[in-house]
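S.K.: Sharing a structure below in structure tokens format, with a few things to ask.
Residue numbers (the numbering used here): 2 to 363.
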């Protein structure tokens, strides 16, 4: 009967949804917060993470996870030529390499905040090409950049450990430059990905599989060509468990993201992602003893406020929450999942489900 369509869902169904939502929330928070804390541990206290070794191990684990997801969902293989995925793998690898490398020069909270400036190169290139954005977006970008600048320039950004050297202004600038290059690689990856998607069809885990496989192969070849296999072996001996833990926590986070979007929509995933990013910042400051003065706290508050404003703007624009998730077509849902899974490079980013920005790159 038609009347049945307007009846409230049974109580057992609501309880079941709440259990799943709690499960997804804990999964995303635990996976990515652990990832962030582990990543900071491997790059602090005098430890230096070898980027190619990190890429080879973690991308290999992501590839296996994506292959399993592709098999479980029965996704058809894409018709995109491998050479195109090689380009995506190269730009994605460049983003991860420079982002992780920046942690030799800046503390982890700066990386988290700076990666929130992802709209900057995208909007810069768009403006140069004649594209116009809403005033809200310009205000949001100015707030994020101002907050990061205050956080960086407000005081001592050493990592707090006894073996850590104080991060000088020059080294911070090197770190910020590397982060900006990482953001540019992100923008290039998204733009080229959109170009391919306008011609070819590809499923979420299939895209993730091919990109991560390309990164794994490129990292392995780089280790051979640059004669750094001995460094890889040394890294495995010293940090083998940590590398595997980083790969598994990141991969599990992607699985939880997929389940969250599939069951509750991208808006719910964005809410959890925003909470995760703020929790990661607070956990890093607490566990690694980053002492902040008043100026830095102000910068942090401004940056977090900008993140919240960005999220509120996306939700008002018509994000897909659980309430209207049923109105979403399968193609749109697949597009959102594909964007978020493929946009994942080195934890930040964009696991928070920045669907609006992905759409703006088209």
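Cβ coordinates follow ideal geometry from the N, Cα and C atoms, glycine included.
#1: In this structure, how does DSSP classify residue 263 when only helix, strand and coil are distinguished?
#2: Give the DSSP-derived three-state secondary structure of residue 135 in the structure shown.
#3: What residue range is occupied by the uninterrupted alpha helix (DSSP H) comprising residue 72?
#4: Scan the stretch 189 to 247 and note each continuous alpha helix (DSSP H) run of 4 residues or more that stays entirely inside, going in chain order.
#5: So what does DSSP say about residue 269, is it helix, strand or coil?
#6: To the nearest angstrom, how far is it from the Cα of residue 148 to the Cα of residue 112?
#7: With a CB to CB cut of under 6 Å and the five nearest residues on each side skipped, what residues in its chain are close to residue 281?
#8: Name the two residues that bound the continuous alpha helix (DSSP H) containing residue 87.
#9: Below 8 Å on the Cβ atoms is my guess for residue 206 versus residue 71; work out the distance and round it to an integer in Å.
#10: Sorted by chain position, which residues of the same chain lie with C-beta nearer than 6 Å to residue 109's C-beta, five sequence neighbours on each side aside?
#11: Are three or more beta carbon pairs between the stretch 249 to 267 and the stretch 180 to 196 nearer than 8 Å?
#12: How many angstroms separate the CA atom of residue 86 from the CA atom of residue 17?
#13: Contact between the stretch 91 to 100 and the stretch 176 to 194: three or more CB pairs below 8 Å?
#14: Quick check on DSSP: helix, strand or coil for residue 107?
#15: Candidates 98, 28, 121 and 20: which alpha carbon is nearest residue 277's?
#16: Under three-state DSSP, which class holds residue 77?
#17: Measure the alpha-carbon distance for residue 236 versus residue 230 and round it to whole angstroms.
#18: Going along the chain, which residues of its own chain have a beta-carbon closer than 8 Å to the beta-carbon of residue 245, five neighbours each way excluded?
#19: Please tell me whether, using a cut-off of 8 Å, the distance from the CB of residue 278 to the nearest non-hydrogen atom of the ligand ATP is below it.
#20: Using 9 Å as the threshold, is the C-beta distance between residue 173 and residue 144 below it?
#21: Could you tell me whether the Cβ atoms of residue 99 and residue 177 are closer together than 9 Å?
#22: Would you tell me roughly how many angstroms separate the C-alpha atoms of residue 259 and residue 270, rounded to the nearest one?
#23: Kindly indicate which three-state DSSP category residue 49 falls into: helix, strand or coil?
#24: Quick one: measure Cβ to Cβ for residue 45 and residue 210, integer angstroms, because I've assumed they're closer than 8 Å.
#25: Output the distance between the C-alpha atoms of residue 50 and residue 306, rounded to the nearest integer angstrom.
#26: Could you have a look at residue 283 and say whether DSSP puts it in helix, strand or coil?
#27: Given this structure, state the Cα-to-Cα distance separating residue 299 from residue 150, to the nearest angstrom.
#28: Can you tell which of 39, 84 and 53 has its C-alpha closest to the C-alpha of residue 212?
#29: Would you mind working out which of 122, 53, 141 and 254 sits nearest residue 313, comparing C-alpha positions?
M.R.: Working from what's here:
#1: In the chain shown, residue 263 corresponds to position 262, counting from 1. Residue 263: helix per DSSP, three-state reduction.
#2: Translated into the one-based positions of the chain shown, residue 135 becomes position 134. Residue 135 falls in the coil class under three-state DSSP.
#3: To locate residue 72, count along the chain shown from 1; it is residue 71. Unbroken alpha helix (DSSP H) run through residue 72: 52 to 74.
#4: 205 to 226
#5: Counting from 1 along the chain shown, the entry for residue 269 is found at position 268. If DSSP states are grouped into helix, strand and coil, residue 269 belongs with the helices.
#6: Here the question's residue 148 lines up with position 147 in the chain shown. Here the question's residue 112 lines up with position 111 in the chain shown. Looking at the two C-alpha atoms, the distance is approximately 13 Å.
#7: Mapped onto the chain shown, residue 281 falls at position 280. Cβ neighbours of residue 281 beyond the five flanking positions: 34 and 37.
#8: Stepping through the chain shown from its first residue, residue 87 is reached at position 86. Counting along the chain, the alpha helix (DSSP H) containing residue 87 begins and ends at 83 to 102.
#9: Counting from one through the chain shown, the residue named residue 206 turns up at place 205. Counting from one through the chain shown, the residue named residue 71 turns up at place 70. The Cβ separation is near 4 Å, so the contact holds.
#10: As a first step, residue 109 is located in the chain shown; it is residue number 108 there, counting from the start. Hits under 6 Å: 41 and 285.
#11: no
#12: Working through the chain shown from its first residue, we reach residue 86 at position 85. Working through the chain shown from its first residue, we reach residue 17 at position 16. Answer to the nearest angstrom: the Cα atoms are 39 Å apart.
#13: yes
#14: As a position in the chain shown, residue 107 is number 106, starting the count at 1. Three-state DSSP puts residue 107 in coil, outside helix and strand.
#15: Along the chain shown, read from residue 1 onward, the residue named residue 277 stands at position 276. Out of 98, 28, 121 and 20, 28 has the C-alpha closest to the C-alpha of residue 277.
#16: For the purposes of this step, residue 77 is taken as residue 76 along the chain shown, with counting starting at 1. In this structure, residue 77 counts as coil in the three-state DSSP scheme.
#17: As a first step, residue 236 is located in the chain shown; it is residue number 235 there, counting from the start. As a first step, residue 230 is located in the chain shown; it is residue number 229 there, counting from the start. Whole-angstrom Cα-Cα distance: 10 Å.
#18: Taking the chain shown and counting its residues from 1, one reaches residue 245 at position 244. Counting only Cβ-Cβ distances below 8 Å, and skipping sequence neighbours, we find 58 and 62.
#19: The ligand ATP is absent from the structure shown, which contains no ligands of any kind.
#20: Position 172 of the chain shown, counted from the start, is the residue given in the question as residue 173. Position 143 of the chain shown, counted from the start, is the residue given in the question as residue 144. Contact: no.
#21: Indexing the chain shown from 1 puts residue 99 at position 98. Indexing the chain shown from 1 puts residue 177 at position 176. For residue 99 and residue 177, no; Cβs fall outside 9 Å.
#22: Numbered from its first residue, the chain shown carries residue 259 at position 258. Numbered from its first residue, the chain shown carries residue 270 at position 269. Cα-Cα distance, rounded: 9 Å.
#23: Sequence index remark: in the chain shown, residue 49 carries index 48 (1-based). Coil, per DSSP.
#24: The residue labelled residue 45 in the question sits at position 44 within the chain shown. The residue labelled residue 210 in the question sits at position 209 within the chain shown. Contact flag wrong, Cβ pair sits at about 32 Å.
#25: Residue mapping note: residue 50 aligns to position 49 of the chain shown, counting from 1. Residue mapping note: residue 306 aligns to position 305 of the chain shown, counting from 1. Looking at the two C-alpha atoms, the distance is approximately 32 Å.
#26: Here residue 283 refers to the residue found at position 282 of the chain shown. Looking at residue 283 - three-state DSSP - the assignment turns out to be helix.
#27: As a position in the chain shown, residue 299 is number 298, starting the count at 1. As a position in the chain shown, residue 150 is number 149, starting the count at 1. Looking at the two C-alpha atoms, the distance is approximately 11 Å.
#28: The residue given as residue 212 occupies position 211 in the chain shown. With distances taken between Cα atoms, residue 212 lies closest to 84.
#29: The residue given as residue 313 occupies position 312 in the chain shown. Nearest C-alpha to residue 313: 141.
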